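In my numbering, the protein residues as written are 37 to 380.
Cβ atoms here follow ideal geometry from the backbone N, Cα and C, with glycine treated the same way.
Nothing here was measured: the structure is a model prediction, and the numbers come from that model.
First up is the structure itself, then whatever we jot down about it.
This is the structure:
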(Lines of atoms letter the chains of each structure in order from A and count residues from 1; the text may use other names and numbers.)
(Lines give C-alpha, C1' and ligand atoms only; values in the text may rest on other atoms or scores of the structure.)
Protein backbone atom coordinates (compact mmCIF):
# COMPACT_ATOMS: atom_id res chain seq x y z
CA UNK A 1 0.00 0.00 0.00
CA UNK A 2 2.83 2.41 0.76
CA UNK A 3 4.38 1.63 -2.61
CA UNK A 4 1.07 2.52 -4.25
CA UNK A 5 0.99 5.75 -2.24
CA UNK A 6 4.18 6.66 -4.13
CA UNK A 7 2.42 5.98 -7.45
CA UNK A 8 4.41 2.83 -8.16
CA UNK A 9 2.36 -0.07 -9.49
CA UNK A 10 3.39 -3.64 -10.27
CA UNK A 11 1.72 -5.85 -12.85
CA UNK A 12 2.97 -9.30 -13.86
CA UNK A 13 6.05 -8.71 -11.72
CA UNK A 14 7.06 -5.56 -13.63
CA UNK A 15 7.00 -2.24 -11.75
CA UNK A 16 6.36 1.23 -13.16
CA UNK A 17 6.17 4.62 -11.45
CA UNK A 18 3.83 7.45 -12.45
CA UNK A 19 5.27 10.76 -11.20
CA UNK A 20 2.76 12.80 -13.25
CA UNK A 21 -0.39 10.79 -12.54
CA UNK A 22 -1.65 7.35 -13.44
CA UNK A 23 -1.93 6.20 -17.04
CA UNK A 24 -4.27 3.22 -17.50
CA UNK A 25 -4.03 2.96 -21.27
CA UNK A 26 -0.29 2.84 -22.04
CA UNK A 27 1.73 -0.36 -21.98
CA UNK A 28 4.97 0.44 -20.17
CA UNK A 29 6.78 -2.86 -20.82
CA UNK A 30 9.80 -2.99 -23.18
CA UNK A 31 8.31 -5.83 -25.23
CA UNK A 32 4.71 -4.53 -25.10
CA UNK A 33 3.53 -7.52 -23.09
CA UNK A 34 -0.25 -7.19 -23.31
CA UNK A 35 -0.96 -9.07 -20.10
CA UNK A 36 0.81 -6.31 -18.18
CA UNK A 37 -1.61 -3.55 -19.19
CA UNK A 38 -4.63 -5.85 -18.94
CA UNK A 39 -3.82 -6.95 -15.39
CA UNK A 40 -2.98 -3.40 -14.38
CA UNK A 41 -6.68 -2.71 -14.87
CA UNK A 42 -7.84 -5.31 -12.32
CA UNK A 43 -7.71 -2.79 -9.43
CA UNK A 44 -5.85 -5.12 -7.07
CA UNK A 45 -4.41 -2.07 -5.30
CA UNK A 46 -7.86 -1.12 -4.00
CA UNK A 47 -7.79 -4.07 -1.59
CA UNK A 48 -4.35 -3.14 -0.23
CA UNK A 49 -5.28 0.53 0.24
CA UNK A 50 -8.54 -0.42 1.95
CA UNK A 51 -6.71 -2.78 4.30
CA UNK A 52 -4.08 -0.15 5.10
CA UNK A 53 -6.79 2.38 5.97
CA UNK A 54 -8.56 -0.10 8.25
CA UNK A 55 -5.28 -0.94 10.04
CA UNK A 56 -4.02 2.61 10.47
CA UNK A 57 -7.04 4.91 10.26
CA UNK A 58 -5.04 7.17 7.93
CA UNK A 59 -7.45 8.84 5.50
CA UNK A 60 -4.63 9.31 2.97
CA UNK A 61 -5.00 5.65 1.92
CA UNK A 62 -8.69 6.14 1.14
CA UNK A 63 -7.89 9.39 -0.66
CA UNK A 64 -5.29 7.66 -2.83
CA UNK A 65 -7.86 5.03 -3.78
CA UNK A 66 -10.37 7.73 -4.72
CA UNK A 67 -7.66 9.46 -6.76
CA UNK A 68 -6.83 6.25 -8.61
CA UNK A 69 -10.48 5.53 -9.30
CA UNK A 70 -11.22 9.05 -10.54
CA UNK A 71 -8.24 9.00 -12.89
CA UNK A 72 -9.29 5.59 -14.17
CA UNK A 73 -12.91 6.43 -14.84
CA UNK A 74 -11.98 9.60 -16.75
CA UNK A 75 -9.43 7.77 -18.92
CA UNK A 76 -11.14 4.41 -19.38
CA UNK A 77 -14.13 5.24 -21.53
CA UNK A 78 -16.42 2.23 -21.82
CA UNK A 79 -16.57 0.91 -25.40
CA UNK A 80 -19.96 0.60 -27.00
CA UNK A 81 -20.91 -2.74 -28.54
CA UNK A 82 -17.28 -3.87 -28.64
CA UNK A 83 -15.81 -7.37 -28.52
CA UNK A 84 -14.82 -8.65 -25.03
CA UNK A 85 -11.10 -8.06 -25.66
CA UNK A 86 -11.45 -4.83 -27.63
CA UNK A 87 -9.66 -2.44 -25.24
CA UNK A 88 -6.89 -2.47 -22.66
CA UNK A 89 -9.14 -1.11 -19.90
CA UNK A 90 -12.45 -2.85 -20.60
CA UNK A 91 -11.49 -6.41 -21.49
CA UNK A 92 -14.40 -8.32 -19.98
CA UNK A 93 -12.31 -10.60 -17.76
CA UNK A 94 -10.86 -7.51 -16.05
CA UNK A 95 -14.31 -5.92 -15.90
CA UNK A 96 -15.51 -8.92 -13.90
CA UNK A 97 -12.42 -9.36 -11.72
CA UNK A 98 -12.20 -5.77 -10.53
CA UNK A 99 -15.76 -5.81 -9.18
CA UNK A 100 -14.40 -7.72 -6.15
CA UNK A 101 -11.88 -5.06 -4.99
CA UNK A 102 -14.35 -2.33 -5.97
CA UNK A 103 -16.97 -3.93 -3.74
CA UNK A 104 -14.54 -4.18 -0.83
CA UNK A 105 -13.60 -0.52 -1.22
CA UNK A 106 -17.19 0.72 -1.50
CA UNK A 107 -18.38 -1.24 1.53
CA UNK A 108 -15.48 -0.27 3.79
CA UNK A 109 -14.53 3.23 2.58
CA UNK A 110 -17.80 4.50 1.16
CA UNK A 111 -18.65 6.55 4.24
CA UNK A 112 -15.25 8.22 4.55
CA UNK A 113 -14.67 11.83 3.46
CA UNK A 114 -12.56 10.49 0.56
CA UNK A 115 -15.77 9.33 -1.14
CA UNK A 116 -17.10 12.72 -2.08
CA UNK A 117 -20.37 13.23 -3.95
CA UNK A 118 -18.40 13.36 -7.19
CA UNK A 119 -16.59 10.08 -6.48
CA UNK A 120 -19.79 8.29 -5.48
CA UNK A 121 -21.65 9.54 -8.57
CA UNK A 122 -18.84 8.43 -10.88
CA UNK A 123 -18.61 5.12 -9.02
CA UNK A 124 -22.21 4.14 -9.57
CA UNK A 125 -22.16 5.43 -13.14
CA UNK A 126 -19.24 3.11 -13.80
CA UNK A 127 -20.94 0.22 -11.98
CA UNK A 128 -23.88 0.49 -14.37
CA UNK A 129 -21.47 0.56 -17.33
CA UNK A 130 -19.81 -2.57 -15.96
CA UNK A 131 -23.17 -4.23 -15.51
CA UNK A 132 -24.23 -3.49 -19.08
CA UNK A 133 -20.97 -4.70 -20.59
CA UNK A 134 -20.86 -7.86 -18.47
CA UNK A 135 -24.49 -8.67 -19.28
CA UNK A 136 -24.56 -8.00 -23.02
CA UNK A 137 -20.94 -8.09 -24.25
CA UNK A 138 -19.57 -11.13 -22.42
CA UNK A 139 -17.72 -14.15 -23.79
CA UNK A 140 -20.17 -16.98 -23.02
CA UNK A 141 -17.19 -19.33 -22.74
CA UNK A 142 -14.96 -21.01 -20.17
CA UNK A 143 -13.57 -19.59 -16.95
CA UNK A 144 -13.71 -16.06 -18.40
CA UNK A 145 -17.48 -16.26 -18.50
CA UNK A 146 -17.63 -17.25 -14.83
CA UNK A 147 -15.52 -14.24 -13.83
CA UNK A 148 -17.81 -12.03 -15.91
CA UNK A 149 -20.91 -13.52 -14.28
CA UNK A 150 -19.43 -13.12 -10.80
CA UNK A 151 -18.64 -9.49 -11.64
CA UNK A 152 -22.21 -8.93 -12.82
CA UNK A 153 -23.50 -10.50 -9.62
CA UNK A 154 -21.34 -8.15 -7.56
CA UNK A 155 -22.65 -5.13 -9.50
CA UNK A 156 -26.20 -6.19 -8.66
CA UNK A 157 -25.42 -6.65 -4.97
CA UNK A 158 -23.70 -3.25 -4.73
CA UNK A 159 -26.43 -1.41 -6.65
CA UNK A 160 -29.83 -2.97 -5.90
CA UNK A 161 -31.53 0.30 -6.84
CA UNK A 162 -30.60 0.16 -10.54
CA UNK A 163 -33.65 -0.36 -12.72
CA UNK A 164 -31.78 -3.17 -14.50
CA UNK A 165 -30.68 -4.99 -11.34
CA UNK A 166 -33.50 -7.56 -11.01
CA UNK A 167 -33.07 -8.80 -14.60
CA UNK A 168 -29.28 -8.76 -14.40
CA UNK A 169 -29.31 -10.65 -11.08
CA UNK A 170 -31.63 -13.33 -12.42
CA UNK A 171 -29.41 -13.73 -15.48
CA UNK A 172 -26.23 -14.01 -13.39
CA UNK A 173 -27.60 -16.66 -11.00
CA UNK A 174 -29.26 -18.65 -13.79
CA UNK A 175 -26.12 -18.68 -15.93
CA UNK A 176 -23.79 -19.46 -13.02
CA UNK A 177 -25.95 -22.50 -12.30
CA UNK A 178 -26.17 -23.58 -15.93
CA UNK A 179 -22.39 -23.36 -16.36
CA UNK A 180 -21.85 -25.97 -13.64
CA UNK A 181 -23.63 -28.42 -15.96
CA UNK A 182 -21.58 -27.31 -18.98
CA UNK A 183 -18.11 -26.80 -17.51
CA UNK A 184 -17.92 -29.43 -14.76
CA UNK A 185 -18.01 -32.95 -16.12
CA UNK A 186 -20.17 -35.56 -14.32
CA UNK A 187 -16.98 -37.02 -12.82
CA UNK A 188 -15.87 -33.62 -11.51
CA UNK A 189 -13.12 -32.11 -13.73
CA UNK A 190 -13.67 -28.66 -15.23
CA UNK A 191 -13.57 -29.02 -19.00
CA UNK A 192 -10.25 -27.18 -19.48
CA UNK A 193 -8.59 -30.19 -17.76
CA UNK A 194 -6.08 -28.07 -15.85
CA UNK A 195 -6.04 -28.40 -12.03
CA UNK A 196 -4.96 -24.76 -11.75
CA UNK A 197 -7.85 -23.44 -13.81
CA UNK A 198 -10.21 -25.94 -12.23
CA UNK A 199 -9.44 -24.04 -9.03
CA UNK A 200 -9.96 -20.67 -10.76
CA UNK A 201 -13.47 -21.82 -11.56
CA UNK A 202 -14.13 -23.18 -8.07
CA UNK A 203 -12.82 -20.11 -6.25
CA UNK A 204 -15.01 -17.82 -8.35
CA UNK A 205 -18.03 -19.91 -7.45
CA UNK A 206 -16.99 -19.79 -3.79
CA UNK A 207 -16.83 -15.99 -3.86
CA UNK A 208 -20.17 -15.73 -5.64
CA UNK A 209 -21.89 -18.01 -3.14
CA UNK A 210 -20.40 -16.22 -0.13
CA UNK A 211 -21.71 -12.89 -1.44
CA UNK A 212 -25.13 -14.33 -2.26
CA UNK A 213 -25.36 -15.72 1.26
CA UNK A 214 -24.26 -12.41 2.79
CA UNK A 215 -26.83 -10.43 0.81
CA UNK A 216 -29.65 -12.91 1.32
CA UNK A 217 -29.83 -14.14 -2.27
CA UNK A 218 -30.74 -17.85 -2.32
CA UNK A 219 -28.62 -20.10 -4.51
CA UNK A 220 -30.15 -23.00 -6.42
CA UNK A 221 -29.72 -26.48 -5.00
CA UNK A 222 -28.41 -27.65 -8.38
CA UNK A 223 -25.56 -25.14 -8.12
CA UNK A 224 -24.44 -26.54 -4.78
CA UNK A 225 -24.85 -30.17 -5.86
CA UNK A 226 -22.77 -29.72 -9.00
CA UNK A 227 -19.98 -27.92 -7.15
CA UNK A 228 -19.65 -30.88 -4.77
CA UNK A 229 -18.29 -32.91 -7.70
CA UNK A 230 -15.73 -30.20 -8.34
CA UNK A 231 -14.40 -30.41 -4.79
CA UNK A 232 -14.26 -34.19 -4.90
CA UNK A 233 -12.07 -33.95 -8.01
CA UNK A 234 -9.20 -32.58 -5.90
CA UNK A 235 -8.90 -35.72 -3.83
CA UNK A 236 -9.57 -38.07 -6.73
CA UNK A 237 -6.45 -36.88 -8.57
CA UNK A 238 -4.12 -35.77 -5.75
CA UNK A 239 -0.79 -37.46 -5.11
CA UNK A 240 -0.09 -39.11 -1.72
CA UNK A 241 1.59 -35.86 -0.56
CA UNK A 242 -1.60 -33.90 -1.45
CA UNK A 243 -0.03 -32.10 -4.40
CA UNK A 244 -2.09 -32.00 -7.58
CA UNK A 245 -0.68 -33.25 -10.90
CA UNK A 246 0.63 -30.45 -13.09
CA UNK A 247 -1.51 -31.26 -16.11
CA UNK A 248 -1.78 -28.58 -18.79
CA UNK A 249 -1.49 -25.00 -17.43
CA UNK A 250 -1.12 -25.60 -13.72
CA UNK A 251 1.36 -25.27 -10.89
CA UNK A 252 2.38 -26.74 -7.54
CA UNK A 253 -0.87 -26.68 -5.57
CA UNK A 254 -2.18 -28.97 -2.82
CA UNK A 255 -5.63 -30.50 -2.64
CA UNK A 256 -5.57 -29.68 1.09
CA UNK A 257 -5.62 -25.92 0.49
CA UNK A 258 -8.15 -26.07 -2.33
CA UNK A 259 -10.71 -28.28 -0.61
CA UNK A 260 -11.02 -26.09 2.49
CA UNK A 261 -14.10 -24.25 1.22
CA UNK A 262 -15.64 -27.59 0.33
CA UNK A 263 -15.40 -28.58 3.99
CA UNK A 264 -17.41 -25.48 4.90
CA UNK A 265 -20.07 -26.05 2.25
CA UNK A 266 -20.35 -29.81 2.82
CA UNK A 267 -19.61 -30.44 6.51
CA UNK A 268 -20.97 -33.98 6.26
CA UNK A 269 -18.16 -35.00 3.87
CA UNK A 270 -15.64 -36.59 6.22
CA UNK A 271 -13.44 -37.44 3.23
CA UNK A 272 -13.08 -33.71 2.51
CA UNK A 273 -11.87 -33.21 6.10
CA UNK A 274 -9.42 -36.09 5.59
CA UNK A 275 -7.99 -34.36 2.51
CA UNK A 276 -7.84 -30.95 4.20
CA UNK A 277 -5.94 -32.26 7.24
CA UNK A 278 -3.51 -34.55 5.36
CA UNK A 279 -5.26 -37.58 6.83
CA UNK A 280 -5.07 -36.47 10.47
CA UNK A 281 -8.86 -36.10 10.80
CA UNK A 282 -11.94 -37.26 8.98
CA UNK A 283 -12.24 -40.47 7.01
CA UNK A 284 -10.33 -41.64 3.93
CA UNK A 285 -12.32 -42.00 0.69
CA UNK A 286 -13.87 -45.45 0.26
CA UNK A 287 -12.02 -46.07 -3.03
CA UNK A 288 -8.40 -46.07 -4.16
CA UNK A 289 -7.93 -46.10 -7.93
CA UNK A 290 -10.39 -44.18 -10.05
CA UNK A 291 -11.17 -43.62 -13.72
CA UNK A 292 -12.36 -40.20 -14.87
CA UNK A 293 -14.13 -41.27 -18.02
CA UNK A 294 -15.05 -37.84 -19.37
CA UNK A 295 -11.53 -36.34 -19.37
CA UNK A 296 -9.94 -39.76 -19.96
CA UNK A 297 -7.69 -39.77 -16.90
CA UNK A 298 -6.86 -42.89 -14.88
CA UNK A 299 -5.55 -42.43 -11.34
CA UNK A 300 -4.11 -45.50 -9.62
CA UNK A 301 -3.07 -45.71 -5.98
CA UNK A 302 -2.33 -48.41 -3.43
CA UNK A 303 -3.83 -46.39 -0.57
CA UNK A 304 -4.22 -42.92 0.97
CA UNK A 305 -1.12 -42.81 3.19
CA UNK A 306 1.87 -40.63 2.31
CA UNK A 307 3.98 -43.64 1.28
CA UNK A 308 1.41 -45.02 -1.14
CA UNK A 309 2.26 -45.76 -4.76
CA UNK A 310 0.37 -43.45 -7.12
CA UNK A 311 0.28 -43.10 -10.89
CA UNK A 312 -1.75 -41.02 -13.31
CA UNK A 313 -2.24 -41.74 -17.00
CA UNK A 314 -3.61 -38.87 -19.09
CA UNK A 315 -5.23 -40.66 -22.01
CA UNK A 316 -7.98 -38.20 -22.75
CA UNK A 317 -8.86 -35.42 -25.13
CA UNK A 318 -7.20 -32.06 -25.70
CA UNK A 319 -9.04 -29.93 -23.15
CA UNK A 320 -9.83 -26.25 -23.69
CA UNK A 321 -8.17 -22.89 -23.30
CA UNK A 322 -5.12 -23.90 -21.23
CA UNK A 323 -4.20 -27.23 -22.77
CA UNK A 324 -0.77 -28.52 -23.78
CA UNK A 325 0.25 -30.25 -27.01
CA UNK A 326 0.86 -33.63 -25.41
CA UNK A 327 -0.65 -37.09 -25.20
CA UNK A 328 -0.40 -40.11 -22.89
CA UNK A 329 1.47 -38.48 -20.03
CA UNK A 330 2.39 -40.88 -17.25
CA UNK A 331 3.11 -39.48 -13.79
CA UNK A 332 4.39 -41.62 -10.91
CA UNK A 333 4.82 -40.83 -7.19
CA UNK A 334 5.86 -43.53 -4.71
CA UNK A 335 7.17 -43.82 -1.14
CA UNK A 336 7.20 -40.04 -0.67
CA UNK A 337 9.08 -39.23 -3.89
CA UNK A 338 8.03 -37.91 -7.26
CA UNK A 339 9.57 -40.36 -9.75
CA UNK A 340 8.04 -39.33 -13.06
CA UNK A 341 6.39 -35.99 -13.67
CA UNK A 342 4.90 -33.67 -16.28
CA UNK A 343 7.44 -32.41 -18.82
CA UNK A 344 6.34 -28.77 -18.47
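{"Item": "Which residue marks the beginning of the beta strand (DSSP E) containing residue 51, and which one marks its end?", "Value": "50-53"}
{"Item": "Quick check: the region 353-370 against the region 246-257, are at least 3 beta-carbon pairs closer than 8 Å?", "Value": "no"}
{"Item": "Compute the distance between the beta-carbons of residue 179 and residue 236, then report whether it is under 7 Å.", "Value": "yes"}
{"Item": "Considering only DSSP beta bridges, list what residue 367 is partnered with.", "Value": "348"}
{"Item": "Would DSSP call residue 335 helix, strand or coil?", "Value": "strand"}
{"Item": "Look at the alpha carbon of residue 190 and the alpha carbon of residue 313, and state the distance between them as a whole number of angstroms.", "Value": "32 Å"}
{"Item": "Whole angstroms are fine: how far does the CA of residue 89 sit from the CA of residue 54?", "Value": "22 Å"}
{"Item": "Over what stretch of residues does the beta strand (DSSP E) that includes residue 101 continue unbroken?", "Value": "No beta strand (DSSP E) contains residue 101, which is instead part of the alpha helix (DSSP H) from 95-111."}
{"Item": "Select from 244, 230, 139 and 162 the residue whose C-alpha is nearest the C-alpha of residue 357.", "Value": "230"}
{"Item": "Could you give the residue range of the alpha helix (DSSP H) that holds residue 136?", "Value": "135-145"}
{"Item": "Let's see if you can read the secondary structure: which residues bound the alpha helix (DSSP H) around residue 257?", "Value": "257-273"}
{"Item": "Who are the near neighbours of residue 232 in its chain, counting only those whose CB is closer than 7 Å to its CB and skipping five residues on each side?", "Value": "285, 286, 287 and 289"}
{"Item": "Below 7 Å between beta carbons: does that hold for residue 205 and residue 192?", "Value": "yes"}
{"Item": "Would you call the region 104-116 and the region 157-166 in contact, with 3 or more CB pairs under 8 Å?", "Value": "yes"}
{"Item": "Does residue 322 pass the burial test, meaning 16 or more other C-beta atoms within 10 Å, or should it be called exposed?", "Value": "exposed"}
{"Item": "For residue 190, which three-state DSSP category applies?", "Value": "helix"}
{"Item": "If you drop the 5 nearest sequence neighbours on each side, which residues of the same chain put their C-beta closer than 7 Å to that of residue 120?", "Value": "127, 128, 173, 174 and 175"}
{"Item": "Between residue 154 and residue 278, what straight-line distance do the alpha-carbon atoms span, to the nearest angstrom?", "Value": "50 Å"}
{"Item": "Do you know how far the Cα of residue 135 is from the Cα of residue 188?", "Value": "8 Å"}
{"Item": "State the DSSP-derived secondary structure class of residue 201, mapped to helix, strand or coil.", "Value": "helix"}
{"Item": "Under the rule that 16 or more other beta-carbon atoms within 10 Å means buried, what is residue 226, buried or exposed?", "Value": "buried"}
{"Item": "CB-CB under 6 Å to residue 64, same chain, minus the five flanking residues each way: which ones, in chain order?", "Value": "52"}
{"Item": "Considering only the alpha carbon of each residue, which of 70, 86 and 74 lies closest to residue 41?", "Value": "86"}
{"Item": "How would you write the range of the alpha helix (DSSP H) that residue 73 sits in, first residue to last?", "Value": "70-76"}
{"Item": "Suppose you measure from the CA of residue 12 to the CA of residue 283; what does that come to, to the nearest Å?", "Value": "One cannot answer for residue 12 here, as it falls past the ends of the chain, which runs 37 to 380."}
{"Item": "For the beta strand (DSSP E) that contains residue 230, what are its first and last residues?", "Value": "Taken as a continuous stretch (DSSP letters only), residue 230 belongs to no beta strand (DSSP E), as it is neither H nor E."}
{"Item": "Do the region 299-309 and the region 329-338 meet, that is, are 3 or more Cβ pairs less than 8 Å apart?", "Value": "no"}
{"Item": "With a threshold of 16 other CB atoms inside 10 Å of the CB of residue 19, please say whether the residue is buried or exposed.", "Value": "Absent from the structure is residue 19, since the part of the chain shown begins at 37 and ends at 380."}
{"Item": "Going by DSSP, which residues form a beta bridge with residue 225?", "Value": "Note: residue 225 sits in no beta bridge, so no partner."}
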